[in-house]
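Protein chains in written order, with our numbering: chain A, 11 to 611; chain B, 11 to 611.
We put the CB at the ideal spot given by N, CA and C, even for glycine.
Predicted model, so just to flag it, every value in this text is computed and none were measured.
There are 2 protein chains.
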Amino acid sequence: MNLLFDRSRLRHYNKKNFKEAIGLPKIAYAQMKVVAGHPDANTKKILQFIDESRSKGADMVIFPELAVPGRMVGENFWAQPFLLECISCGKEIIAASKSITVAFGNVHVKDPKDSDSPIYNSIFFAKNRKLLCEPLCKEWLILDEEKYFYHSGCPPLPISIKLGRKNYSVGIIMGRYYSRYSAQKDFYINFLAEPFCQSSRYQKDYGFKYKVNFPIIYVGCVGIQNTGKTIYTFDGANAVFNSRGEIVQYAEPFADCLNIIEFDEIDEIPALEIPEVSETEKIYRAISYGVKTFLEQIGMSKVVIGVSGGIDSAVAAAIYTKVLGAENVVLVNMPSVFNSATTKNLSEQLAKNLGCKYYVVPIQESVDWTVKQLEERGIAVSSFVKENIQARDRSSRILAAIAASLGGGFTCNANKAESTVGYATLYGDEAGFLSALADLWKFQVYNLARYLNEKIFCREVIPQGIIDIVPSAELSTAQNVDEGKGDPLKYPYHDYLFRAFAEDNQTPEDILRWYANGELEKNIGCEVGLVEKYFPTSEDFIADLERWWKQFNGMGVAKRIQSPPILAVTNSPYGGRAESQNGVHFTEKYFELKRKLTGTC
Amino acid sequence: MNLLFDRSRLRHYNKKNFKEAIGLPKIAYAQMKVVAGHPDANTKKILQFIDESRSKGADMVIFPELAVPGRMVGENFWAQPFLLECISCGKEIIAASKSITVAFGNVHVKDPKDSDSPIYNSIFFAKNRKLLCEPLCKEWLILDEEKYFYHSGCPPLPISIKLGRKNYSVGIIMGRYYSRYSAQKDFYINFLAEPFCQSSRYQKDYGFKYKVNFPIIYVGCVGIQNTGKTIYTFDGANAVFNSRGEIVQYAEPFADCLNIIEFDEIDEIPALEIPEVSETEKIYRAISYGVKTFLEQIGMSKVVIGVSGGIDSAVAAAIYTKVLGAENVVLVNMPSVFNSATTKNLSEQLAKNLGCKYYVVPIQESVDWTVKQLEERGIAVSSFVKENIQARDRSSRILAAIAASLGGGFTCNANKAESTVGYATLYGDEAGFLSALADLWKFQVYNLARYLNEKIFCREVIPQGIIDIVPSAELSTAQNVDEGKGDPLKYPYHDYLFRAFAEDNQTPEDILRWYANGELEKNIGCEVGLVEKYFPTSEDFIADLERWWKQFNGMGVAKRIQSPPILAVTNSPYGGRAESQNGVHFTEKYFELKRKLTGTC
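Spelled out as structure tokens, the structure:
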């Protein structure tokens, strides 16, 4: 029988058996943990993943953007020995590309001998120890990248890659922003080094970010990276999308892993069902991963947490206990005369539930002694000053000393609402080695408390009393929790007002316009009816608005400058947010609106 | 007589009498104080200077780059009401240009109704209430400007301006970087908003920055602006240069003033002799101006300074006293058992010399009490931990309470050498509302001490004993000054090593290569012979290098994240310097060099 004439059989052979005989093209994509500023460690990891990919029969392995240096390395990008080390690591990776195509992100220096040579954020494609093409340079840079890199100004050229026996035309995208692509390619690769961000506007679902019109393999990194004040988690969230924007394969977010996709046509692979993940679960995953990885990175294995019987310190205690184990978490309650039996008991209950070591270290004697030392010298100490003396006594005198003695650090448990308006004491509750909750609004802290009890510990580790009690600093009789008195913040409204200030750059002019139009609650996202309930008159509303805007731009900024590093979960965390100590400004239009509303001139 | 034929007389008339008859063209240039984030206040100032210029017969008045919004306004550039206010202020300025040409810097928004419209850093030229041309957009942006503005990518077009009866072709330069200009113009104007920087490489002399091949009027602003962590002073240093780069007129640095230049040909004006200003005098002017302006801006009129008998706190005390008056400066000495009579007496002498209120508030009882509270609970407290307990007790317990009680702030007196390696205690001597000396190396602090005595106070306000004594934290018997013991820092060498790390991005690889080549002292700028004196062997040298590199990248960064705002005098102040908490990294080439030097493998 002449095989050439048996077309049906040939088609069958082509469409199925032939592929099986020679194997489908396999692409490995590495959701690797990148350690910023340590090209040697990253290269070691890349080489391991290349070996693993080869041994699993992959034709190509791809690594994230800036996989060699990391992205947030500060002015290391201006240090010649660091750049040369990155280049030398790149050569090692290229030399390891025997029989496999390797694509990875690194810096590209036009003339490494010239210390003023332009530096590019680039992708390198290599096979059999040779570069397949010139380094592909990133088209558009964002934010701090501009400080170090040149941008190419044009999209990287597509590249033709032989996988198995077929040539594929592969489009290259670097980063989040890129020109629109109209040319049809077999598939695209998006190389990224983008942090996890719970509220990011481009995020479709947990980690799966694009709906595009062509198949795309998305390769990002995991780990944490920081810009000093802000610690970002990287979830990787690598995935393969078909041209309808459906996911056909994905990596577990935050996992340091290598995945392999085997395909002829990505569009022929059946789409996966993606499990839904609640916002609180996303936040929990990011925060617990961030805390764990940060502690590992700075080599800290013991933490001390001041527990007040309030919600923030309780949530912090539960998270650190989950991450480090109860034996490595020490809880300290530091009562003054203003602390109620209620909160003291709740703190003790919390420690018991979590199984942590628990100390009670009273501060009253020391506070009295400080006041005495001042008054003996003729310095009058007001009750407001006494409030802050208590807060500093707790953190700077007790917690810092215990943490240092135990060889660990103490935590800052401030939330984002307090941080916005500086409702915390510098060197007091604003102090610590890490602010794990400072990018969360108060309502998110409560959600996290419930989530921890229900889903993580599966029992009431955070006593219900802590969730139910009125939030209070308990620094004076005016904040007596047993009388239902507490913080001056009305969180169900202020959380949303402050979010408009801090995350959306809204000003009192915007807020007052919305208030006048009756659109405020809708626009800032808080419960309808609250504004009228809290502020019977326009004057009340305006007084509150101005009070907090002044705090936000005044003491708020001053305190944030000296606050601990913040674990980011939004794309506008303090620290990441550019702000200056420039005092308070209201626009002329604001005053016009105010005059209209209050009838004064 | 027919005048037309008496050419010699006509020439004479043209060249002298005619000019006198119609008056020479006059250009006013405003070295105005710009308050960042307050377009209303800046506009008021601009309008006053326009009136003053007009009344003095000026044909044109020019204002600095971004004179309306200020430069360091953080994310206000993303807030629509702020931008619209700037635009509205711009219109007010244009409306005030009756009979005078006004040039000023402001934001330019292509389409103010579209909140995504590109924003440019621009110069506006107006006369008789009309714009003379489209806004001129800045060609190249630097650093954080990229975050907010688009760049035009091409130099602003020259503009033809009628001054008196003659048309002048005026070239426009914005900012520090610009394309090379070859076209001959009558003169150029350089609009700037650049901070003072003592070590800036482009600076020719105090404030006078350019040597160019055409006449140029240089217009910058004064005041202070900040990016949160870093406070920059702006010296303005406005001047008019002839085409040989000589100064023909200038404004006093840091003065809020309007100058007027009258000319036909700038090159015909005789050059001025510029008085020489020492580096220490420059630094003193910048720091005293920065401290004074910052205090005014945050509304603080009383400061508390912990004085130890050491050089840093003494210099701080002298500067604040000069700025605020002795009646507004409170000095506090806080001895423990480790403080010598020597330093206690020197502190008291300092207070007496300056005429400040002086308190002695011992900390020993409180430190003992803290240790007792911990030990009673089974927590062992090491002597190292006890050192830090003392430091925190002083700042967070005593100084913060006194400052709050007096309605002021307390200062941080850390210098740049300590800040580099974290040789200070968080919430202890690292705390305060402002670090006025944290961009100065120890040798500069000593220079400042001598300068203050000799030139500012003209008597020994800082006791010579403070200048002579060994620098010591006096936190343990190992730091006994009377036995000549003190800090582990060898400032005459470490100042320069740390400067190489912090200001020039040099790494241990660079340092070790220079050490091996015998070029180290020359390259880092310290006294020749010191390295051999301090480090008899390569091993000693390397151990020291690694110790401080680790501190610089480890605890140093962690502490700087929480340090107070820093007054910048270099172009690489901490805060302004981008750095991450990424742990310590040595390059492979460093290890190679080390192996060669020590003979180990």
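query	result
Are the Cβ atoms of A:Gly-100 and A:Phe-73 separated by less than 8 Å?	no
Does any CB atom of chain B fall closer than 8 Å to the CB of A:Glu-272?	no
Measure the alpha-carbon distance for B:Asn-138 versus B:Leu-268 and round it to whole angstroms.	21 Å
Would you call the CB atoms of A:Glu-531 and B:Glu-156 closer than 8 Å?	no
When you compare the CB of B:Trp-559 with every CB in chain A, is at least one pair closer than 8 Å?	no
Buried or exposed: B:Phe-394, going by 16 or more other Cβ atoms within 10 Å of its Cβ?	exposed
Helix, strand or coil: which one does DSSP assign to A:Arg-6?	Missing from the structure shown is residue 6 of chain A; chain A here goes from 11 to 611 and no further.
What is the rounded straight-line gap between the Cα of A:Ser-582 and the Cα of A:Ile-241?	12 Å
With C-beta atoms as the reference, is B:Glu-256 less than 8 Å away from B:Ala-296?	no
In the DSSP assignment, find the alpha helix (DSSP H) that holds B:Ser-346 and state where it starts and stops.	Premise fails: B:Ser-346 is in no alpha helix (DSSP H) and is neither H nor E.
Output needed for A:Gln-235: all residues of its chain with C-beta closer than 7 Å, excluding positions within five of it in sequence on either side, in chain order.	Ala-46, Gly-80, Arg-81, Met-82, Tyr-242, Phe-244
Return the chain-ordered list of same chain residues with a C-beta closer than 8 Å to the C-beta of B:Ala-424, the five sequence neighbours on each side being excluded.	Asp-322, Ala-434, Asp-439, Glu-440, Ser-445, Leu-447, Ala-448, Ser-573
Since A:Ala-68 contacts A:Ile-37 with CB under 8 Å, what's their CB separation in whole angstroms?	6 Å
Judging by CA-CA distance, which residue of B:Phe-206, B:Asn-343, B:Ser-109 is the nearest neighbour of B:Ser-65?	B:Ser-109
Identify every run of the alpha helix (DSSP H) within the region 519-567 of chain B, keeping only runs that are complete inside it and at least 4 residues long; order them along the chain.	530-534, 540-544, 548-563
If you count every other CB in all the chains shown that lies within 10 Å of the CB of A:Lys-362, and 16 or more means buried, which is it?	exposed
Which residue marks the beginning of the beta strand (DSSP E) containing A:Lys-367, and which one marks its end?	367-370
Given a cut-off of 8 Å on the beta-carbon distance, is the pair A:Cys-231 and A:Gln-41 in contact?	yes
Quick one: what's B:Thr-240 bridged to in DSSP?	B:Ile-576
State yes or no: is the beta carbon of A:Glu-62 nearer than 8 Å to at least one beta carbon in chain B?	no
Count the CB pairs spanning the region 305-317 of chain B and the region 332-341 of chain B that are closer than 8 Å, and state whether there are at least three.	yes
So, are the CB atoms of A:Phe-562 and A:Thr-430 less than 8 Å apart?	yes
Enumerated in chain order, which unbroken segments of the beta strand (DSSP E) with a length of 3 residues or greater are wholly contained in the region 37-114 of chain A?	70-72
Which of the three DSSP states is assigned to A:Tyr-437 in this structure?	coil
When the distance is taken between beta carbons, is B:Ile-129 closer than 8 Å to B:Leu-93?	yes
So is A:Gly-185 buried or exposed if we call it buried at 16+ other beta carbons inside 10 Å?	buried
Relative to the alpha-carbon of B:Ser-350, which residue among B:Ala-89, B:Glu-519, B:Lys-495 has its alpha-carbon at the smallest distance?	B:Lys-495
Three or more C-beta pairs closer than 8 Å, one from the region 497-513 of chain A and one from the region 357-374 of chain A: is that the case here?	no
Is it the case that the Cβ atoms of B:Phe-264 and B:Tyr-294 are separated by a distance below 8 Å?	no
Using a cut-off of 8 Å between C-beta atoms, extract the partners of B:Ile-534 located in chain A.	Neighbours of B:Ile-534 on chain A: none; closest Cβ ~15 Å, over 8 Å.
From this set, B:Ala-588, B:Phe-87, B:Gly-181, which residue's C-alpha is nearest A:Ser-590's C-alpha?	B:Phe-87
From the DSSP output, in three-state form, read off B:Leu-607 for me.	helix
Does any residue of chain B bring its CB to less than 8 Å from the CB of A:Met-82?	yes
Which residues of the region 45-69 of chain B have a Cβ closer than 7 Å to any Cβ of chain A? Give them in chain order.	Ala-46, Gly-47, His-48, Asp-50
Relative to chain B, which residues along the region 401-415 of chain A have a C-beta separation below 8 Å, given in chain order?	Arg-402, Asp-403, Ser-405, Ser-406, Arg-407, Ile-408, Ala-410, Ala-411, Ile-412, Ala-414, Ser-415
Quick check: the Cα distance between B:Asp-154 and A:Asp-154, rounded to an integer number of angstroms?	8 Å
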